[in-house]
Amino acid sequence: MAATVFNVMVIFCAVKLFKRSGDTMHLFILNMTIGDLILTVFCHPNELLIRKHDFLQQIHLCAVVHYFNWTGLAVSGLSLTMLNIDKLIYFRWPLNYDRSMSKRRAALFCLLIWGLSLGFISYCWLFNIVYIHSFDCSLQISLFMSPGKKFYYEIFLILFCVLPVTSSLIVSIYLFNLTRQKRNAGSGGDTSAFKSKVKSLVFIFATTAWTSCSLLPYRIMNLARIHLFTWSELSCEGKQLMNWIAWILIYLLTINPIINPLITSLIYAPYRMTIKKFLVNIPVGNRPFYNYQGEHLHLDSRYMGLQCWLVRKCFKLQHIREDTQYSVAAVWEIA
């Protein structure tokens, strides 16, 4: 529940900040957070309920949950890659940034991410490349398919999970070294836009590092399980060890979309300040009374300041009048 609230708040901040600044970075954050929201608001709660209640283990319900689980993972991973590419273009080729990453082009990239994700996953579902096991509602790869279609699961893991996160981590490390060199050389460090972009890199690096630690191990383990060893050939101790490792990695994979909005809302200053202002302005308890009283106190202080200004003005006018009368009397005496 808390993760869903934080994801919604990050989406609200991304829309508001994009309207205010026009920075394309917020579009990719919005896209990534929508992918995480699909996981936290629909997939993870339903997976938990399906494991707990037998009457919910329906094939069609499980198929929908797995479908949106793949969709959320794919959209979130590709959006993270575009977020790093956006910053790479800005710091590596700053003069071409406005032309290369305009608002319209960034929006097209976001739509392309959804198109690729939904297109590939829908193809796997419609042509029965994967199916739902009736016993435990787990996702299985069809064994009765042509040899050319046996690698669609590996293609999904590599193209939508492993490669986006790995490339994002490499780009983040490169950007960290590049910005450190630029700051040491003193190039571009005086502009406020450059400083703002540098601060955003801290958030991007933190998000990328967390996603790499939580998502990559389980996906790499799946690839190793498919190609490097056979489950039936493992000993009982080996199977028990692999089960423990798999459960730990699944737990990390599950909390990945929960921690992501927390990183965004706590580390990245514009989102933190926007959420803080939003929470402060919520009327809770007697807060409207205090705001009303504070407003009147503020008006009273302005009124007192105006009174002091009028008193000083009258005092000056009185002095001018006395000086004028003294000058006129002196003239009459001379005459």
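Letter 187 of the sequence shown, counting from 1, is numbered 187 in the UniProt record's numbering, and no numbers are missing.
Built from N, CA and C at the ideal position, the CB exists for glycine as well.
These figures come from a predicted structure and were not determined experimentally.
Got a sec, what are the start and stop residues for the beta strand (DSSP E) residue i sits in?
| i | result |
| --- | --- |
| residue 131 | 130-132 |
Run through the DSSP bridge pairs and tell me what residue i is partnered with.
| i | result |
| --- | --- |
| residue 139 | 132 |
In three-state DSSP terms, what is residue i?
| i | result |
| --- | --- |
| residue 115 | helix |
| residue 127 | coil |
| residue 120 | helix |
| residue 230 | coil |
| residue 268 | coil |
| residue 22 | coil |
| residue 281 | coil |
| residue 331 | Any reading at residue 331 is ruled out, since the residue's pLDDT is 36, under 50, leaving its predicted position unreliable. |
| residue 235 | coil |
For the alpha helix (DSSP H) that residue i lies in, which residues bound it at each end?
| i | result |
| --- | --- |
| residue 60 | 59-92 |
| residue 50 | 44-52 |
| residue 98 | 97-100 |
| residue 35 | 25-38 |
| residue 173 | 163-185 |
| residue 156 | 152-156 |
Return the residue from the list the options that minimises the CA-CA distance to residue i.
| i | options | result |
| --- | --- | --- |
| residue 112 | 174, 207, 27, 185 | 27 |
| residue 63 | 179, 129, 105, 174 | 129 |
| residue 137 | 69, 58, 31, 207 | 58 |
| residue 258 | 67, 224, 72 | 72 |
| residue 206 | 183, 279, 172 | 172 |
| residue 252 | 123, 278, 213 | 213 |
| residue 162 | 17, 224, 199 | 224 |
| residue 104 | 168, 18, 167, 53 | 18 |
| residue 209 | 53, 199, 166, 241 | 166 |
| residue 86 | 23, 248, 116 | 23 |
| residue 121 | 135, 100, 89, 152 | 152 |
The stretch 210-219 touching the stretch 152-168, judged by at least three CB pairs closer than 8 Å: The stretch 210-219 is in contact with the stretch 152-168.
Segment contact flag, the stretch 21-35 with the stretch 69-80, C-beta cutoff 8 Å, min 3 pairs: As far as the Cβ criterion goes, the stretch 21-35 touches the stretch 69-80, which means the pair count is three or higher.
contact_flag[the stretch 85-96, the stretch 10-22] where n(CB pairs < 8 Å) is 3 or more: Counting Cβ pairs under 8 Å, fewer than three are found: no touch.
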